[in-house]
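In our numbering, the protein residues as written are -17 to 333.
Ideal Cβ positions, reconstructed from N, Cα and C, are used throughout, including at glycine.
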Amino acid sequence: MSKFATILKNVEIINMFDNNKKMITALALIVGVVMIASPLAFIGGSDNADAPTLGDASAANGTYTIFVYNGTGWQSEVVHAYDGAQAVQATSFWKEGDSMVDRATTGAYPSLNATYGDITTFNGKTEDSTNVWNVFVYVDGAWTIGNDAIGFYRCFDDYASNWQTANIALQYGADATSVPTSLITASQAKSDITAVVNSEDFAVKFHLRNMYSSVPTINGVITLDNGQTLNTTNLASGVTITGYGSDAYLALKYALNVALQDNVVGEETIPVNGYNNYSWIDTIFGLGTVQTQGLDTPSDWTDDVYVYWSQYDGNYSGEGSGQLSGFVLGAYSPLTGAHEFSMVYAEVGMY
């Protein structure tokens, strides 16, 4: 294991003892570095203990049809929710005492669950050694066996195509190896995918600043909110740009990836690839995580310094104190008020 990996593995423990040191807390929220302290998480400090709540039925969310097999046929309900897990819970089939894996762990150091939405008990029926809740999803015009982590299915047209669905079916019984014919021929209408449009509902404002000497590679012509064209000079001073998406990561890519040229490179695998959660940032404008000091002392991490993108809630210039975000961008949605973030590329020491 590398020295840096060993450091990261102990970051959460360090934070528990000294969460007032900005440098150490910042390490726990490196946008461009995976958090090895938890393979499922992008971990925040104790000030970010509450997992963001997404997509209650009162928000401007998408539309789902949830199908449930009652033993003789399929019943369905249309609900409004952000993701598949919330959609299932919004139906009348969800009973008191039902349970599924939560979106995030609780406590001082919450992390995202890679099995979010995996059902234990639904409609009063609990999985056991013989019976499970089989998941089927309608993707690309056909029913297919789905992933148990139904919380990662979303009904928005900018989301990954293999996780994009507005129709989820649940059947209790033996573990299915194929889609039941009765579901394929079910007469109930299906919901359509929700279009993401350039409206306030889907708008996210980003404040970007490069505070390090590395020269960014800006692909294409990017127009900022003030009408200026993005360049290395104004990026060093700080710029603001608005993007649109069903989550903040997709909004950032919308804002910066122009003319089929990628300025944002991140983790596209849903929900997680190794230690990297969906939307973990690799590079922005070619700038990623680099160790700048301490390479000559591999056994001593206290003199290490890294430069990376840090992610903050709201408008933060990089000067003074800012509120580091608790999760990666893909964990937030403008549909529930996550409309503003700051991304600052700067050096942070590990001491």
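- Query: Is the beta carbon of Pro198 less than 8 Å from the beta carbon of Gly270?
  - Reply: no
- Message: Please report the straight-line C-alpha distance between Val83 and Leu94, rounded to a whole angstrom.
- Response: 11 Å
- Query: Who are the Cβ neighbours of Ile166 in its own chain at under 8 Å, not counting the five residues just before and after it?
  - Reply: Trp125
- Among Thr222, Tyr46 and Ala218, nearest to Gln210 - alpha-carbon criterion: Thr222
- Which of helix, strand or coil does DSSP assign to Phe396? The structure shown does not extend to residue 396, since the chain is modelled only from -17 through 333, so no value can be given for it.
- Item | Beta bridge counterpart(s) of Ala86 as assigned by DSSP | Leu94
- Message: What does the Cβ neighbour count give for Pro253, buried or exposed, with the cut at 16 atoms within 10 Å?
- Response: buried
- Meets three-Cβ-pair contact criterion under 8 Å: the segment 179 to 192 and the segment 87 to 106: no
- Item | Contacts around Met332, its chain only, beta-carbon distance under 6 Å, and the 5 residues preceding and following it disregarded | Trp283 and Asp286
- Item | 7 Å Cβ shell around Thr279 - same chain, five flanking residues per side excluded | Asp285
- Message: Can you tell me which residues form a DSSP beta bridge with Gln153?
- Response: Asn116
- Item | Continuous alpha helix (DSSP H) stretch holding Ser164: start and end | Thr163 to Ile166
- If Tyr327 and Tyr194 are in contact, beta carbons under 8 Å, what's the gap, nearest whole angstrom? 6 Å
- Message: Quick check on the DSSP output: the alpha helix (DSSP H) that includes Leu235 runs from which residue to which?
- Response: With the sequence shown as reference, residue 235 is identified as Lys, and Leu is not the correct amino acid for it. Lys235 -> alpha helix (DSSP H) spans Ala230 to Leu238.
- Message: Tell me the rounded alpha-carbon separation between Pro316 and Gly308.
- Response: 16 Å
- Task: Could you check the C-alpha separation between Tyr135 and Ser111 for me, to the nearest Å?
- Result: 26 Å
- Message: If the criterion is Cβ atoms closer than 8 Å, does the pair Glu180 and Leu217 meet it?
- Response: What sits at residue 180 in the sequence shown is Asn, not Glu. No, these two residues do not count as a Cβ contact at 8 Å.
- Query: Under a three-way DSSP split, which group does Leu350 fall into?
  - Reply: Missing from the structure shown is residue 350; the chain here goes from -17 to 333 and no further.
- Among Thr251, Gly300, Ala67 and Thr54, which has the Cα closest to the Cα of Thr102? Ala67
- Can you check DSSP and say which residues form a bridge with Gln210? Gln210 is not bridged to any residue.
- Query: On the three-pair Cβ rule with 8 Å, is the segment 155 to 162 touching the segment 199 to 208?
  - Reply: no
- Return the chain-ordered list of same chain residues with a C-beta closer than 6 Å to the C-beta of Thr176, the five sequence neighbours on each side being excluded. Gly44, Cys137 and Phe138
- Message: If I measure Cβ to Cβ from Gly128 and keep anything under 6 Å in the same chain, skipping five residues before and after, which residues do I get?
- Response: Val117, Phe118 and Val119
- Item | Gly66 - containing alpha helix (DSSP H), residue span | Gly66 to Gln71
- Message: So the candidates are Ser303, Lys235 and Asn297; which of them puts its Cα closest to the Cα of Phe323?
- Response: Asn297
- Query: Going straight from the alpha carbon of Gly37 to that of Gln153, what length do you get?
  - Reply: Here the model assigns Gly37 a pLDDT of 46, short of 50, so the residue's position is not dependable and the matter cannot be decided.
- Same chain, Cβ closer than 8 Å to Ser219, five either side skipped, listed in chain order: Arg191
- Message: Could you compute how far the alpha carbon of Tyr98 sits from the alpha carbon of Thr215?
- Response: 42 Å
- Task: Per DSSP, which residues does Asn259 bridge with? Please list them.
- Result: Val254
- Task: Could you say which of Trp115, Lys77, Ser58 and Asp65 lies nearest to Asp157 if we only look at CA atoms?
- Result: Trp115
- Local conformation of Ser81 per DSSP, three classes: strand
- Roughly how many whole angstroms lie between the Cα atoms of Ser169 and Asp80? 27 Å
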